[in-house]
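Written out below as structure tokens is the structure these notes cover.
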Amino acid sequence: MPLWDFMGSTMLTSQYVRLTPDERSKEGSIWNSMPCFLKDWEMHVHFRIHGGGKKNLHGDGFALWYAKDRLQPGPVFGNQDKFHGLAVFLDTYPNDETTERVFPYISAMVNNGSLEYDHGKDGRTVELAGCTADLRNSNHDTFLAVRYSRGRLTIMTDIEGKNEWKNCVDISGVRLPTGYYFGATAATGDLSDNHDIISMKLYQLVVEHSPDDENIDWTKIEPSVSLLKSPKDNVDDPTGNFRSGPLTGWKVFLLLLAALLGIIVCAVVGAVVFQKRQERNKRFY
Numbered sequence: 001m002p003l004w005d006f007m008g009s010t011m012l013t014s015q016y017v018r019l020t021p022d023e024r025s026k027e028g029s030i031w032n033s034m035p036c037f038l039k040d041w042e043m044h045v046h047f048r049i050h051g052g053g054k055k056n057l058h059g060d061g062f063a064l065w066y067a068k069d070r071l072q073p074g075p076v077f078g079n080q081d082k083f084h085g086l087a088v089f090l091d092t093y094p095n096d097e098t099t100e101r102v103f104p105y106i107s108a109m110v111n112n113g114s115l116e117y118d119h120g121k122d123g124r125t126v127e128l129a130g131c132t133a134d135l136r137n138s139n140h141d142t143f144l145a146v147r148y149s150r151g152r153l154t155i156m157t158d159i160e161g162k163n164e165w166k167n168c169v170d171i172s173g174v175r176l177p178t179g180y181y182f183g184a185t186a187a188t189g190d191l192s193d194n195h196d197i198i199s200m201k202l203y204q205l206v207v208e209h210s211p212d213d214e215n216i217d218w219t220k221i222e223p224s225v226s227l228l229k230s231p232k233d234n235v236d237d238p239t240g241n242f243r244s245g246p247l248t249g250w251k252v253f254l255l256l257l258a259a260l261l262g263i264i265v266c267a268v269v270g271a272v273v274f275q276k277r278q279e280r281n282k283r284f285y
């Protein structure tokens, strides 16, 4: 297949590329051999995840990558850990039994080579944002769209057969270099599924950039995200929402103050109501 390289359990057919069969302990990947030098782009992936396993008896999922290094097998859905670039995970199995999250779950991660993906926490310690998506054994075609433009990362799904995109992730402040590679990987462990890629289509987005942006050498910047809090704070956040910060001292103080004011207001209102009732009762004597 021109411009594409594959490895592991990947199998090519005329209809799809199967990254893993519905068998245990398989890893497969497919990577484009041409680096992407577009500053603004949108990737559409037509995929299918299916198998014979019932609820929570299947796994593990697959990942879409925009990464510096390709064809590097490893523990993160069949790819290396501590990567450089962007990863979008379609995780179908909950490893963390304490989480309130509903699976399958889609999440995004940006890495400069310093972060490790924690499978035990289903990646919550490094997740930027995500959403639940009922994408396994679907009766409809399932699509994923990843858009990156002017520092904004948007992930959308079309998995309900409505031929319309549904927003999943929308993050600003993302910086991704040019010259990285697109790829898809999948892995199975004790549980398994078929992970099929039917098509991957890349579109160039034509947008205006500021003069400062035009003068930047985008091949040399480091992948990064400007966050309101560190992704590691997500470890105790079952929703994975990076925008809701932890309860700091000031937040606790304001909450206590609001509660105290609420109690005072209730007491004053109660006293007024009680006094009026007393006055009414006196009129009847």
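In terms of the UniProt record's numbering, the sequence shown opens at residue 1 and continues consecutively. Think of the CB as a built atom: it goes at the ideal place given N, C-alpha and C, for glycine as much as any other residue. Keep in mind it's a predicted model, so treat the numbers as computed, not measured.
Residue i, DSSP secondary structure in three states
i           : result
residue 264 : helix
residue 121 : helix
residue 97  : coil
residue 170 : strand
residue 158 : strand
residue 60  : coil
residue 5   : strand
Other residues of its chain near residue i: CB distance less than 8 angstroms, five sequence neighbours each side excluded
i           : result
residue 6   : 12, 17, 28, 29, 30, 31
residue 232 : At residue 232 the pLDDT is 45, less than 50, meaning the model places this residue with poor confidence and gives no usable figure here.
residue 63  : 76, 77, 78, 79, 87, 88, 89, 90, 184, 185, 186
Cut-off 6 angstroms between Cβ atoms - residues of its own chain near residue i, not counting five sequence neighbours on either side
i           : result
residue 373 : Past the edges of the chain, shown from 1 to 285, lies residue 373, and the structure says nothing about it.
residue 147 : 42, 154
residue 283 : With a pLDDT of 43 at residue 283, under the threshold of 50, the predicted position of this residue should be treated as unreliable, and no value is reported.
residue 33  : 3, 5
residue 1   : none
residue 290 : Beyond the ends of the chain as shown, which are 1 and 285, falls residue 290; an answer cannot be given.
Residues of its chain near residue i, where Cβ-Cβ distance is below 7 angstroms and the 5 sequence neighbours each way are ignored
i           : result
residue 35  : 179, 180, 181
residue 51  : 22, 58, 192, 193, 194
residue 221 : 175, 177
residue 37  : 178, 179
DSSP beta-bridge partners of residue i
i           : result
residue 65  : 87, 183
residue 42  : 147, 203
residue 109 : 87
residue 195 : 20, 49
residue 27  : 187
residue 142 : 47
residue 226 : In DSSP, residue 226 forms no bridge with anything.
residue 102 : Note: residue 102 sits in no beta bridge, so no partner.
residue 288 : This structure gives no information on residue 288, because the portion of the chain shown stretches from 1 to 285.
residue 175 : 224
Any 3 or more C-beta pairs closer than 8 angstroms across the segment 116-130 and the segment 197-216: no
Stretch pair the segment 73-80 + the segment 208-221: three plus CB contacts closer than 8 angstroms: Contact between the segment 73-80 and the segment 208-221 is absent, with fewer than three C-beta pairs closer than 8 angstroms.
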